[in-house]
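Notes follow once the structure below has been shown.
Protein chains: 2
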Amino acid sequence: MTPTLAPQPTVARVSSDVFAPIAGDLEEVERILSQTLSSERSCVADLVNHVGRFRGKRLRPALLLLTAHACGPVTHAHHVLGAVVEMVHTATLVHDDILDAASVRRHVPTVNARWGNQQSVLLGDYLFTKAFHLASTLDDVRGCRIVGEATNRVCEGELQQGAQCGNLDLTEGEYLDCIDGKTAGLTACCCRLGAVFAGATAAVTESLARYGRALGVAFQIADDLLDLIGEERTTGKSLGTDVAQQKLTLPLIRLLRNSPAASRVRELLRSPGNHKRELLGPYFSQCDALDYARRRAEEFAEQARTELDCLPPSAWRSILEALPQRVVHRVT
Amino acid sequence: MTPTLAPQPTVARVSSDVFAPIAGDLEEVERILSQTLSSERSCVADLVNHVGRFRGKRLRPALLLLTAHACGPVTHAHHVLGAVVEMVHTATLVHDDILDAASVRRHVPTVNARWGNQQSVLLGDYLFTKAFHLASTLDDVRGCRIVGEATNRVCEGELQQGAQCGNLDLTEGEYLDCIDGKTAGLTACCCRLGAVFAGATAAVTESLARYGRALGVAFQIADDLLDLIGEERTTGKSLGTDVAQQKLTLPLIRLLRNSPAASRVRELLRSPGNHKRELLGPYFSQCDALDYARRRAEEFAEQARTELDCLPPSAWRSILEALPQRVVHRVT
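Order-wise, the sequence lines are chains A and B.
With numbering that gives the first Met the number 0, you'll find the first sequence wraps up at 331, consecutive numbering, no jumps.
With numbering that gives the first Met the number 0, you'll find the second sequence wraps up at 331, consecutive numbering, no jumps.
Below is the structure:
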């Protein structure tokens, strides 16, 4: 039995309609992406074409562009950096799919499922280096520096998470520190790039970076909930990979702390079986773990919104204000 | 039976004595490396400390520093960039060990053997991002750009090689194109960085980059020979990984073309056995494949040396002139 999703206030994904006002900017980002990743070597081109099919919400370039519009003029540098952050994000997806031994992403086979781990490791590296090199084509070294700081933090968060697999005593604080790195490091970077390259003041830049950070944490908690209770048909990706690896996420941490049957949950997580996600369902229905995680995601979403007080009212600010709710209540 | 090494003109590794004149510079590179990779997170620190044990010849920073000295004044930027290229190189070793399923490097367990593939993927990513970020701490964006161009080429070469595993019809030209990317891309970059940041002219810079490229190709041919006929006791790393993966290198390409028993060699390479390296020995002794590969390495070494004609005579130029021979005749 897969626990079902509680009724959702909005059954929205972070869909393109919210991003309609930046459609032209996103098109320019796409053009740069496809130009940067074109290769005459067919083995490279085949792999790159395949990850093009993972094309998702473009949340990260959108965050960068919306922040930029909210702060000042949008320039060529923003479009370039939008492509950079999307490539970094895609690289992390390709490597994550190896770590999670995932077989499906966005309804198509993962790179590791189709070409094996070797080519997945190399393709992730390729996307990383192409991203860094693209950032360096700007004359302003701050692009490379901000992206580099963020990817340092992303990789640290991923390493921490990897080291914690199998640690059933992980605390909420340790979990939040992991996702603050692995997910929020990049969303914060997007907002920082948007602001810095639009000439925002240091105070506004820091506030928007905190917005991006809180939004990223909210996003990841929602993502971790989907891994437990989402539907593969809807999300289009392998689910249950966290429990399969004994990777504790917020609902599981809460479940292990508050469930009257915590010791049986612990045994279940330790067991070698393949259907842990399904078997956990009844335990979740006996305690507040899922609601608790949803509430925490809402709190981070709210925290993100308050950071926008640094901006004057505008259409851009309104979209940024709406995003955290969308992120928390998405089903894909 | 493991084929034995033909008598070596010099039984040298690229040892520290050659680099004595830049010992102070290399110490400064070490200081920056250890400062950059220090982490308060113990899971990160443990992994980083372990790869510290892979410490090798520091050939890449040495190339960068020698080129710099030969062209003009050596600055802080050179030391920083020396640390950058060493980190990039270490990242590729960590990921290569996953691809090769290698268990030993520099006489200690590989990261994948000790911590598994997941942490190896992430550690390689971490070293890459730390390298790029370190380059971005310089105010001159050319550092990031030159490193990014090189790592683009390195990753492309690795992807090509990965796609060619199992292709027993690989040509010498295709092989050279692979190693021109995966190995020579970085050695050329080292020389380019040394020259550019010492204020060399464009003509001298291009000549020295070609020196680094030819040296890298010679180095890789020698490395591929060691994988076939070196001794694990001496090299301190897993050998025979190329044949195990049906990854054709120059001696094998020649063997498949010139051996009277080519079809049996082909069967042997296709077979599932674990002792292919040993079984290939007799076939190598019946044809010129090993000598041919050594000769080609010598040719690239000679090609490298001729590029140094752009430099005025100096102690630095003399060391650079001696390096290609050392690289070709090393046994570790």
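Glycine included, each C-beta is placed from N, C-alpha and C at the ideal position.
Considering only C-alpha positions, which residue in the set C286/A, L192/A, V140/A and V93/A is nearest to P236/A?
What you label residue 236/A is simply residue 237 of the first sequence in a count that begins at 1. The question names Pro, but residue 236/A in the sequence shown is Lys. Out of C286/A, L192/A, V140/A and V93/A, V93/A has the C-alpha closest to the C-alpha of K236/A.
How about R57/B and V107/B: are their beta carbons less than 9 Å apart?
Counting from 1 along the second sequence, the entry for residue 57/B is found at position 58. Counting from 1 along the second sequence, the entry for residue 107/B is found at position 108. No, they are not a contact pair.
Compare the C-beta of A201/B against all C-beta atoms of chain A and say whether one is closer than 9 Å.
Locating residue 201/B in the second sequence gives position 202, where the first residue counts as 1. Chain A, which has no Cβ nearer than 9 Å to the Cβ of A201/B, makes this no.
Of the residues D99/B, G123/B, Q163/B and V83/B, which one's Cα is nearest the Cα of S135/B?
One-based indexing of the second sequence puts residue 135/B at position 136. The shortest C-alpha separation from S135/B is found at V83/B.
Can you tell me the Cα-Cα spacing of E320/A and V17/A, whole angstroms?
Residue mapping note: residue 320/A aligns to position 321 of the first sequence, counting from 1. Residue mapping note: residue 17/A aligns to position 18 of the first sequence, counting from 1. In this structure, the straight-line span from the alpha carbon of E320/A to that of V17/A is close to 11 Å.
Could you tell me whether any Cβ in chain A is nearer than 9 Å to the Cβ of D124/B?
As a position in the second sequence, residue 124/B is number 125, starting the count at 1. It does; some Cβ of chain A falls within 9 Å.
Going by the C-beta, is G239/A closer than 8 Å to any heavy atom of the ligand FAD?
The ligand FAD is not part of this structure, which contains no ligands at all.
Any idea if G165/B is buried or exposed, counting beta-carbon neighbours within 10 angstroms, 16 or more meaning buried?
As a first step, residue 165/B must be located in the second sequence, where it is residue number 166. With fewer than 16 Cβ atoms within 10 Å of its Cβ, G165/B is classed as exposed.
Using the three-state DSSP reduction, which class does V84/B fall into: helix, strand or coil?
Numbered from 1 along the second sequence, position 85 holds the residue referred to as residue 84/B. The three-state secondary structure of V84/B, taken from DSSP, is helix.
Who are the near neighbours of Q7/B in its chain, counting only those whose CB is closer than 6 Å to its CB and skipping five residues on each side?
Residue 7/B sits at position 8 when you count from the first residue of the second sequence. Residue placement at Q7/B cannot be trusted, given a pLDDT of 32 that sits under 50; what the coordinates show is reported in the next sentence. Same-chain partners within the cutoff: H328.
Cβ distance (whole Å) where P60/B is taken to contact A217/B below 8 Å:
As a first step, residue 60/B is located in the second sequence; it is residue number 61 there, counting from the start. As a first step, residue 217/B is located in the second sequence; it is residue number 218 there, counting from the start. For P60/B against A217/B, the beta-carbon gap comes to about 19 Å, at or over 8 Å, which does not count as contact.
Looking only at C-alpha atoms, which of Q245/A, N151/A and F196/A sits nearest to G71/A?
Here residue 71/A is taken as the residue at index 72 of the first sequence, counted from 1. Answer by Cα proximity: F196/A.
Can you list the residues of chain A that K129/B reaches, using a CB-CB cut of under 7 Å?
What you label residue 129/B is simply residue 130 of the second sequence in a count that begins at 1. In chain order, N151 make up the part of chain A whose C-beta sits under 7 Å from the C-beta of K129/B.
Separation of R209/B from E301/A, as counted between CA atoms
The count along the first sequence starts at 1 and reaches residue 301/A at position 302. The count along the second sequence starts at 1 and reaches residue 209/B at position 210. Whole-angstrom Cα-Cα distance: 56 Å.
Could you name the residues of the same chain whose beta carbon sits closer than 8 Å to that of T1/A, not counting the 5 residues immediately before and after it, in chain order?
Here residue 1/A refers to the residue found at position 2 of the first sequence. Since pLDDT at T1/A reaches only 36, below the 50 mark, its modelled position is unreliable, and the value read off the structure follows with that caveat. These residues qualify, in order along the chain: I228, E230, R276, E277 and G280.
Which word fits S206/B, buried or exposed, when buried means at least 16 other C-beta atoms lie within 10 angstroms of its C-beta?
Sequence index remark: in the second sequence, residue 206/B carries index 207 (1-based). Only buried fits S206/B, as 16 or more other CB atoms lie within 10 angstroms of its CB.
At least one CB of chain B closer than 9 Å to the CB of R59/A: is that the case?
Within the first sequence, the letter at position 60 stands for residue 59/A. No, R59/A does not count as interfacial toward chain B.
Please return the same chain residues whose Cβ sits closer than 6 Å to the Cβ of H381/B, not counting the five positions on each side in sequence.
Since the first and last residues shown for chain B are 0 and 331, residue 381/B lies out of range.
Please classify N111/B as buried or exposed, where buried requires at least 16 other C-beta atoms within 10 Å of its C-beta.
Translated into positions along the second sequence, residue 111/B becomes position 112. A residue is called buried once 16 or more other Cβ atoms fall within 10 Å of its Cβ, and N111/B is buried on that count.
Which chain B residues are close to I97/A, counting only those with a beta carbon under 8 Å from its beta carbon?
Within the first sequence, residue 97/A is the residue found at index 98, counting from 1. N116, Q117 and V120, listed in chain order.
Neighbour-count burial assignment, E85/A, 16 or more Cβ in a 10 Å radius
To locate residue 85/A, count along the first sequence from 1; it is residue 86. E85/A is buried by the Cβ-count criterion.
Who are the neighbours of Q159/A on chain B, taking C-beta pairs under 7 Å?
As a working mapping, residue 159/A is identified with position 160 in the first sequence. Correct list: R40 and C42.
What is the DSSP secondary structure of R104/B, reduced to helix, strand or coil?
Taking the first residue of the second sequence as position 1, residue 104/B is located at position 105. In the structure shown, R104/B sits in a strand (DSSP, three-state: E or B).
Cβ separation of P250/A and L224/A, assumed to be a contact under 8 Å, to the nearest whole Å
Walking along the first sequence from the start, residue 250/A turns up at place 251. Walking along the first sequence from the start, residue 224/A turns up at place 225. Yes, they are in contact, since the Cβ atoms of P250/A and L224/A sit about 6 Å apart, within 8 Å.
From the beta carbon of P323/B, is the nearest beta carbon of chain A less than 9 Å away?
Indexing the second sequence from 1 puts residue 323/B at position 324. False, the Cβ-Cβ gap to chain A never drops below 9 Å.
Would D355/A count as contacting chain B if we go by Cβ distances under 9 Å?
Shown here, chain A extends from 0 to 331; a query on residue 355/A therefore has no answer.
Beta-carbon of H274/A versus every beta-carbon of chain B: anything under 9 Å?
Residue 274/A sits at position 275 when you count from the first residue of the first sequence. No, because no Cβ of chain B sits closer than 9 Å to the Cβ of H274/A.
By alpha-carbon positions, which one of P271/B, G272/B, H274/B and Q285/B ends up nearest to L255/B?
As a working mapping, residue 255/B is identified with position 256 in the second sequence. Distances from the alpha-carbon of L255/B to those of P271/B, G272/B, H274/B and Q285/B put Q285/B closest.
Per-residue burial, N273/A [other beta carbons within 10 Å of its own, 16 or more giving buried]:
Position 274 of the first sequence, counted from the start, is the residue given in the question as residue 273/A. With fewer than 16 other Cβ atoms from the protein chains shown falling within 10 Å of its own Cβ, N273/A counts as exposed.
Three-state secondary structure (DSSP) at Q117/A?
The count along the first sequence starts at 1 and reaches residue 117/A at position 118. In this structure, Q117/A counts as helix in the three-state DSSP scheme.
Please return the same chain residues whose Cβ sits closer than 6 Å to the Cβ of E171/B, not counting the five positions on each side in sequence.
Here residue 171/B corresponds to residue number 172 of the second sequence, with the count starting at 1. Within the same chain, E171/B has close Cβ partners I252.
Could you check the C-alpha separation between F127/A and D96/A for me, to the nearest Å?
Locating residue 127/A in the first sequence gives position 128, where the first residue counts as 1. Locating residue 96/A in the first sequence gives position 97, where the first residue counts as 1. Rounded to whole angstroms, F127/A to D96/A spans 15 Å at the Cα level.
Pair every Cβ in the region 154-161 of chain A with every Cβ in the region 150-160 of chain B, then say whether three or more of these pairs are closer than 8 Å.
The region 154-161 of chain A vs the region 150-160 of chain B: no contact.
Take R30/B as the anchor and find which of L64/B, L62/B, V79/B and V47/B has the nearest alpha-carbon.
Position 31 of the second sequence, counted from the start, is the residue given in the question as residue 30/B. For R30/B, the nearest C-alpha among the options comes from V79/B.
Starting from the beta carbon of R144/B, find every residue of chain A whose beta carbon is closer than 8 Å, and list them in chain order.
In the second sequence, residue 144/B corresponds to position 145, counting from 1. What R144/B touches in chain A: H132, S135 and T136.
With 9 Å as the threshold, decide whether the Cβ of G147/A is near any Cβ in chain B.
Within the first sequence, the letter at position 148 stands for residue 147/A. It does; some Cβ of chain B falls within 9 Å.
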